[in-house]
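Peer 1: Let me give you the structure first, and then I'll get to my questions.
What follows is the structure, encoded as structure tokens:
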């Protein structure tokens, strides 16, 4: 980040009114009569109805359109364990995206504990306020236990976006990239660099979509995760391979797909050059990818590449997922966001990228044409069709899989 951009970002967040969000009322409150309806004595009427039937809370309050974006500040962007206060600008930003893209209201909540039991209990205690919980920027492996416990103990959707939002967008783009490159999930070999929240969740979802664990090599900071390694977490153990390969260089030699969710500049030109014909490289570390598109394309002219950045083609951006996934889940009054709903979101995004791109999208990106192919495997975030396509797919999957209250 340049010094000039750093200052612009600070000015943007401070401005005349610090922060990025505010709370406002959408009901009239101009007269004595309005006040009597909004508060005492009128507010007693919905209180009595909800006390008799708790499901009425969705009829008379914001609960059905309110999501909590919750963090402990332990894994913020690429900045690490900066704590709850420093995490707050990111959580506000998430709230802005929920509202802008899917008209979902958000309270951002920063919890001052990194104890799993304490965090889970805090979220459970405040959960009645919300229609859904979006966990954010929580470090692995704690994030896995936190999410699973909350899913089990709450009756509203709980979704760790760093895991599943990332996985859904990767999967949608990767299925399209495989099709273009003439490969299939069942036979493609894949190397994943990064065994944290995003890496594990991505592999879990890809296996649901047809990838074979026997064709996957997972690499962490110590090298290839094999069944010879000791002291592996449960999540890593699930992807421990029976292999003699030890390094990232070994793992990438001859593989079809590379997915990087680790850190900048860990992949060399030689590694990309050693991959199979028609390779696919998803280098998703932000702001700097595992290998730059310039370096990757310098050694391969048969490559499809995606990054997490907006200034390169094929941006894997979670904003393509979480607002619309929650929109569908909230509209369905779903008790959870299950695998069927995630897969529905994947296919909705995958198929949207194959349709003709509207003129307003071209204008938003200042280009004359965009069409399905090596430089366009994932829809653009400002494609207005997302709000129609993805929530409906998620909604329908919630109904058909039996987790909707409708």
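Residue numbers (our numbering): 37 to 442.
Yeah, the Cβ is synthetic: ideal placement off N, Cα and C, and Gly gets one too.
(1) Specify whether the region 158-173 and the region 193-201 touch according to this definition: at least 3 beta carbon pairs, one from each stretch, less than 8 Å apart.
(2) Leaving out five residues on either side along the sequence, give the residues of the same chain with a beta carbon under 7 Å from the beta carbon of residue 373.
(3) Would residue 210 pass as a contact of residue 235 if the rule is Cβ separation under 8 Å?
(4) Restricting to runs no shorter than 3 residues, where is the beta strand (DSSP E) found entirely within the region 276-305?
(5) Count Cβ pairs between the region 68-81 and the region 131-139 that sit closer than 8 Å; are there 3 or more?
(6) Note the first and the last residue of the continuous alpha helix (DSSP H) segment covering residue 134.
(7) In the region 337-393, which residue ranges form an unbroken alpha helix (DSSP H) of at least 4 residues, counting only runs that do not cross its ends?
(8) Decide yes or no for the touch test of the region 274-286 against the region 248-263: beta carbon pairs closer than 8 Å, at least 3 of them.
(9) Would residue 238 and residue 206 be called neighbours here (beta carbons separated by less than 8 Å)?
(10) Among residues of its own chain, excluding the 5 on either side of residue 121, which ones have a beta-carbon nearer than 8 Å to its beta-carbon?
(11) Tell me the DSSP secondary structure of residue 414 in three-state form.
(12) Is residue 399 helix, strand or coil when you go by DSSP?
(13) Spatial neighbours of residue 305 within its chain, please: CB distance less than 8 Å, with the 5 preceding and 5 following residues excluded, ordered by chain position.
(14) Let me make sure I understand the geometry here. Which of 429, 399, 415, 243 has the alpha-carbon closest to that of residue 203?
(15) Can you give me the Cβ contacts of residue 439 inside the same chain, cut-off strictly under 7 Å, excluding the 5 residues immediately before and after it?
(16) Determine the burial state of residue 225: buried for a count of at least 16 other Cβ atoms within 10 Å of its Cβ, exposed for fewer.
(17) By how many angstroms is the C-alpha of residue 230 removed from the C-alpha of residue 346?
(18) Output the residue ranges of the alpha helix (DSSP H) runs that lie fully inside the region 40-86 and measure 4 residues or longer, sorted by chain position.
(19) To which residues does DSSP link residue 196 through a beta bridge?
(20) Measuring straight from C-alpha to C-alpha, what distance separates residue 316 and residue 214?
(21) In three-state terms, what does DSSP make of residue 154?
(22) In the DSSP assignment, the alpha helix (DSSP H) including residue 333 goes from what residue to what residue?
(23) According to DSSP, which residues form a beta bridge with residue 253?
(24) Measure how close the beta-carbons of residue 344 and residue 355 come, nearest whole angstrom, since I'm counting them as under 8 Å.
(25) State the DSSP-derived secondary structure class of residue 440, mapped to helix, strand or coil.
(26) Should residue 8 and residue 431 be called a contact, given that it needs their Cβ atoms to be closer than 8 Å?
(27) Hey, could you find the ends of the alpha helix (DSSP H) residue 102 is sitting in?
(28) Relative to the C-alpha of residue 98, which residue among 208, 118, 59, 380 is closest?
(29) Contact check, residue 160 vs residue 115 under 8 Å by CB: the rounded distance?
(30) Nearest-angstrom Cα distance between residue 80 and residue 64?
(31) Residues in its own chain within less than 7 Å of residue 415 by CB, not counting five upstream and five downstream?
(32) With the cut-off set at 8 Å, would you say residue 233 and residue 179 are in Cβ contact?
(33) Would you kindly work out how many angstroms separate the C-alpha atoms of residue 311 and residue 166, rounded to a whole number?
(34) Is residue 413 closer than 8 Å to residue 393 when the C-beta atoms are compared?
(35) Tell me whether residue 303 is buried or exposed, calling it buried when 16 or more other Cβ atoms sit within 10 Å of its Cβ.
(36) Quick check: what's the CA-CA separation for residue 251 versus residue 442?
Peer 2: Reading off the structure:
(1) Inter-segment contact for the region 158-173 and the region 193-201 is present: three or more beta-carbon pairs are separated by less than 8 Å.
(2) In the chain shown, residue 373 corresponds to position 337, counting from 1. Non-local C-beta neighbours of residue 373 in its own chain, meaning closer than 7 Å and more than five positions away in sequence, comprise 193, 195, 361, 365, ordered along the chain.
(3) Within the chain shown, numbered from 1, the residue matching residue 210 stands at position 174. Within the chain shown, numbered from 1, the residue matching residue 235 stands at position 199. At a Cβ-Cβ threshold of 8 Å, residue 210 and residue 235 do not count as neighbours.
(4) Entirely contained in the region 276-305, the beta strand (DSSP E) runs reaching 3 residues are, in chain order, 293-296.
(5) Segments in contact, no.
(6) Numbered from 1 along the chain shown, position 98 holds the residue referred to as residue 134. Element bounds for residue 134: 119-138.
(7) Fully enclosed alpha helix (DSSP H) runs of 4 or longer: 358-367, 375-388.
(8) Below 8 Å, enough C-beta pairs join the region 274-286 and the region 248-263 to call them touching: three or more.
(9) Along the chain shown, read from residue 1 onward, the residue named residue 238 stands at position 202. Along the chain shown, read from residue 1 onward, the residue named residue 206 stands at position 170. In this structure, residue 238 lies near residue 206, with their beta-carbon atoms less than 8 Å apart.
(10) Numbered from 1 along the chain shown, position 85 holds the residue referred to as residue 121. The beta carbon of residue 121 is closer than 8 Å to those of 109, 146 in its chain, skipping five residues each way along the sequence.
(11) On the chain shown, position 378 is the one that residue 414 refers to. The three-state reading of DSSP puts residue 414 in coil, since its state is none of H, G, I, E or B.
(12) On the chain shown, residue 399 is found 363 positions in, with the first residue counted as 1. In the structure shown, residue 399 sits in a helix (DSSP, three-state: H, G or I).
(13) Taking the first residue of the chain shown as position 1, residue 305 is located at position 269. Once the five neighbours on either side are set aside, the close Cβ partners of residue 305 are 327, 331, 332, 334, 335.
(14) Here residue 203 is taken as the residue at index 167 of the chain shown, counted from 1. Closest in C-alpha terms to residue 203, from the list 429, 399, 415, 243, comes 243.
(15) On the chain shown, position 403 is the one that residue 439 refers to. 370, 371, 372, 374.
(16) Counted from its first residue, the chain shown places residue 225 at position 189. The Cβ neighbour count for residue 225, taken over all protein chains shown within 10 Å, is at least 16; the residue is labelled buried.
(17) As a position in the chain shown, residue 346 is number 310, starting the count at 1. As a position in the chain shown, residue 230 is number 194, starting the count at 1. Those two C-alpha atoms are separated by around 21 Å.
(18) If we require 4 residues or more, the alpha helix (DSSP H) runs fully inside the region 40-86 come out as 68-74.
(19) Translated into positions along the chain shown, residue 196 becomes position 160. Its beta-bridge partners are 171.
(20) Taking the chain shown and counting its residues from 1, the one referred to as residue 316 is at position 280. Taking the chain shown and counting its residues from 1, the one referred to as residue 214 is at position 178. Answer to the nearest angstrom: the Cα atoms are 8 Å apart.
(21) For the purposes of this step, residue 154 is identified with residue 118 of the chain shown, where counting begins at 1. Residue 154: helix per DSSP, three-state reduction.
(22) Sequence index remark: in the chain shown, residue 333 carries index 297 (1-based). First-last of the alpha helix (DSSP H) with residue 333: 329-335.
(23) The residue labelled residue 253 in the question sits at position 217 within the chain shown. Paired residue(s): 227.
(24) Here residue 344 is taken as the residue at index 308 of the chain shown, counted from 1. Here residue 355 is taken as the residue at index 319 of the chain shown, counted from 1. Wrong, their Cβ atoms sit about 11 Å apart, outside the cutoff.
(25) For this step, residue 440 is matched to residue 404 along the chain shown. Note: residue 440 maps to strand in three-state DSSP.
(26) Any property of residue 8 remains undetermined from this structure, which presents the chain solely from 37 to 442.
(27) Here residue 102 is taken as the residue at index 66 of the chain shown, counted from 1. Going by DSSP, residue 102 is part of no alpha helix (DSSP H) but of the beta strand (DSSP E) stretching over 102-107.
(28) Here residue 98 corresponds to residue number 62 of the chain shown, with the count starting at 1. Taking each of 208, 118, 59, 380 in turn and checking the Cα distance to residue 98, the smallest one comes out for 59.
(29) Counting from 1 along the chain shown, the entry for residue 160 is found at position 124. Counting from 1 along the chain shown, the entry for residue 115 is found at position 79. For residue 160 against residue 115, the beta-carbon gap comes to about 28 Å, at or over 8 Å, which does not count as contact.
(30) Within the chain shown, the letter at position 44 stands for residue 80. Within the chain shown, the letter at position 28 stands for residue 64. Cα-Cα distance, rounded: 18 Å.
(31) One-based indexing of the chain shown puts residue 415 at position 379. Excluding positions up to five away in sequence, the list reads 356, 385, 388, 389, 422.
(32) The residue you call residue 233 lines up with position 197 of the chain shown. The residue you call residue 179 lines up with position 143 of the chain shown. Yes, the Cβ-Cβ distance between residue 233 and residue 179 is below 8 Å.
(33) Position 275 of the chain shown, counted from the first residue, corresponds to residue 311. Position 130 of the chain shown, counted from the first residue, corresponds to residue 166. A direct Cα-Cα distance of roughly 47 Å separates residue 311 from residue 166.
(34) For the purposes of this step, residue 393 is identified with residue 357 of the chain shown, where counting begins at 1. For the purposes of this step, residue 413 is identified with residue 377 of the chain shown, where counting begins at 1. Annotated as distal: residue 393 and residue 413, with beta-carbon spacing of 8 Å or more.
(35) Reading the chain shown from its first residue, position 267 is the one you call residue 303. Burial is judged here by how many other beta carbons sit within 10 angstroms of a residue's own beta carbon; residue 303 has at least 16 and is buried.
(36) Translated into positions along the chain shown, residue 251 becomes position 215. Translated into positions along the chain shown, residue 442 becomes position 406. Distance between residue 251 and residue 442, taken at the CA atoms: about 40 Å.
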